[in-house]
Every structure is written in structure tokens, then in C-alpha cells.
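Protein chains: 2
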Amino acid sequence: MEHDKHKEMLKQVMTGMPKDETLAELSELFSVFGDSTRIKILWALSEREMSVCCIAELLKMTQSAISHQLKNLRHAKLISSRREGKTVYYFLADDHVRSIIDQGMEHISE
Amino acid sequence: MEHDKHKEMLKQVMTGMPKDETLAELSELFSVFGDSTRIKILWALSEREMSVCCIAELLKMTQSAISHQLKNLRHAKLISSRREGKTVYYFLADDHVRSIIDQGMEHISE
DNA sequence: TTATCATATGAACAATCGTTCATATGAGGT
DNA sequence: ACCTCATATGAACGATTGTTCATATGATAA
Numbered sequence: 001m002e003h004d005k006h007k008e009m010l011k012q013v014m015t016g017m018p019k020d021e022t023l024a025e026l027s028e029l030f031s032v033f034g035d036s037t038r039i040k041i042l043w044a045l046s047e048r049e050m051s052v053c054c055i056a057e058l059l060k061m062t063q064s065a066i067s068h069q070l071k072n073l074r075h076a077k078l079i080s081s082r083r084e085g086k087t088v089y090y091f092l093a094d095d096h097v098r099s100i101i102d103q104g105m106e107h108i109s110e
Numbered sequence: 111m112e113h114d115k116h117k118e119m120l121k122q123v124m125t126g127m128p129k130d131e132t133l134a135e136l137s138e139l140f141s142v143f144g145d146s147t148r149i150k151i152l153w154a155l156s157e158r159e160m161s162v163c164c165i166a167e168l169l170k171m172t173q174s175a176i177s178h179q180l181k182n183l184r185h186a187k188l189i190s191s192r193r194e195g196k197t198v199y200y201f202l203a204d205d206h207v208r209s210i211i212d213q214g215m216e217h218i219s220e
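Chains as they are written, first to last, in my numbering: chain A, 1 to 110; chain B, 111 to 220.
Encoded structure:
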């Protein structure tokens, strides 16, 4: 029957799909990339590690705004930090970050 | 001087950075992936093309909610559609989509 | 200690977002 | 014409988000 084949098909797609929790985690990851301030920060850090005020100066934004966003990025484990005296240097946690950005770039430029 | 080297460094990072418009476009792309409903839809469509009501049934969500999200995905050029009688079938616009998702998946599973 | 510089953080605000509900459009079928 | 099924859409709602402002913490120097 037609209806049975339909249900069969839905079931098949369902079983291939990762569990809700995983997909939620995935969308959370992408939403971190979904803000231009954070993208700029990530890009800057992919060039070299930087202090908070340096990033703020580079992006012409408030130190507070940057600090808040660094918190988000740190929470998503995309960046790490290192303290040297008064200043804190931030850097990319791994190079998945850059490859995700590059993949997105590739999609845009077509 | 120390201060000149700092400005030099900032300038160098700036020149390497894509222009604001591009980064805004990039973050908009990622924010489309930044919602679990949309991720689920994209995943489903990466398995096979599907009608609106089929997606709604699969995700146990309202037809309206799905339709609104399909609009977002279509606007981001991640999906296309094909009409067959009364029903409209949606499918992935290209396979960048799947590779972006896979890249994200790779980051999560570590 | 006190002063200063670098960074972090909490509250408040406007703006954006995803869903729901009601309704509109559009394409058959009778 | 009418009815029905599939899809689209506008308004409204609560929820989340990014920035600002004010203030707190933390580290160094005097």
C-alpha cells in the first residue's frame, strides 16, 4: 500500500538521523558562528593570538562587548586564553574553527 | 618603538580580513544553521527530497512552523523546491550544505 | 596601602527570532 | 461553481540575544 510505504520511508529517515541532543549541540555550535562580531574575533585570532583590548581596538568596539563575546566563544570551546601579567591573550582552541569558516566562505563565493 | 609595532600588527591583521559585508554574509549563513529545527530539516532533505507535510510529520511539528523555516532556508539558498500537483517537494540546493553540517559534527564529537 | 591598567560581569534595554493561530492562496477533484 | 487538500503568510506572543553602562575583580607598580 501507498500509505505503508510512506511510513516505512519516514521510519528509515528517522533512524539515520542523529539524536535530538546531538542536533541541538550542533545548532548551538553554528549559532556561535552566526554573529558577525564573533566571526571577526575568530578570524582575527586565526591570524595571531590577541589581548582583549587589542581585539576591541581592531574591531572598533567596546572592551565590554568584546569581553562578553569572548565568554561565549570560550564557553563553546572555540578559544582558549593565557594570562601574561595584566593582559589576557586569547587564541583559537583548535583548527576546526578555521576550516568551518573556510567551508562557509566557499559556499558564499559562488 | 613598541607602540608602532603594535599598530603595524593591527594593520596587517586588518588587511588580511575580508570586508565587513562578506563577514556579515558569512555570519548570516551560519545563523541559518544555528537552529535545531532547521538543522533537522536540512538533515532530512540530505537523505531525500520531501514535501512540507512530510517534514512536519517527521519532526512532529506544525505545518506552519515548517513552512516558515523552509522560507528561511530557501532565502539562504540552501534549498530549492519543485511542485508536483498540490504538493511541493523541497531538496538541498547543493552539497555544500551537507559538508558544512559534517564539519560541525566533526567538531562536536571529540 | 593606594593608584592604575586590563579584564570580567550583572542589570537593563532594544532588537531579533521561532512558534502559534488564523487566514489566504493555489491546485486538483466532483 | 464548490469543496478539499497542501502550502504560504501576516500578526502576535514569549523567549533569546547583543550591546551599553556601571561596577567589580585581579594584577602590577609606586
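Glycine is no exception: its CB is placed at the ideal position from the N, C-alpha and C atoms.
| Asked | Found |
| --- | --- |
| Around the Cβ of Q173/B, are there at least 16 other Cβ atoms within 10 angstroms (buried) or fewer (exposed)? | exposed |
| By DSSP, does R98/A sit in helix, in strand, or in coil? | helix |
| From S46/A to L92/A, what distance separates their C-alpha atoms? | 6 Å |
| According to DSSP, simplified to helix, strand and coil, what is S109/A? | coil |
| Might you give, ordered along the chain, the residues of its own chain that have their beta carbon closer than 6 Å to the beta carbon of R192/B, omitting 5 neighbours on each side? | Y199 |
| R83/A lies in the beta strand (DSSP E); which residues open and close that run? | I79 to E84 |
| Closest to S161/B by CA distance: which of E84/A, M9/A and E110/A is it? | M9/A |
| With respect to the beta strand (DSSP E) encompassing T197/B, which residues constitute its N-terminal and C-terminal limits? | T197 to L202 |
| Please list, in chain order, all residues of the same chain as I55/A whose beta carbon is under 7 Å from its beta carbon, the five residues on each side excluded. | I41, A44 and I66 |
| Drop a sphere of 10 angstroms on the beta-carbon of D130/B, count the other beta-carbons inside from all chains shown, and report buried for 16 or more, exposed for fewer. | exposed |
| Got a sec: which bits of the segment 179 to 199 of chain B sit with their beta carbon under 7 Å from any beta carbon on chain A, in order along the chain? | none |
| Verify whether the separation of the beta carbon atoms of R158/B and V13/A is less than 8 Å. | yes |
| Under a CB-based cut-off of 8 Å, is D35/A close to chain B? | yes |
| Is the beta carbon of L23/A sitting closer than 8 Å to the one on I210/B? | no |
| Show which residues of chain A have a CB atom less than 9 Å away from the CB atom of A166/B. | Here the premise fails: no neighbours, minimum Cβ distance about 11 Å. |
| Per DSSP, what are the beta-bridge partners of M127/B in this structure? | Partner(s): none; M127/B has no beta bridge. |
| Going by DSSP, what residues sit across from S141/B in a beta bridge? | None; S141/B has no bridge partner. |
| Closest to H178/B by C-alpha separation, out of V207/B, D205/B, D145/B and D204/B, would be which residue? | D145/B |
| So for M61/A, helix, strand or coil by DSSP? | coil |
| To which residues of the same chain is L29/A closer than 8 Å at the C-beta, ignoring the five residues directly before and after it? | A76 |
| Whose C-beta lies closer than 7 Å to the C-beta of P128/B among residues of the same chain, with five residues either side of it excluded? | none |
| Using a C-beta to C-beta distance shorter than 8 Å, which residues of chain A count as neighbours of A134/B? | S36 |
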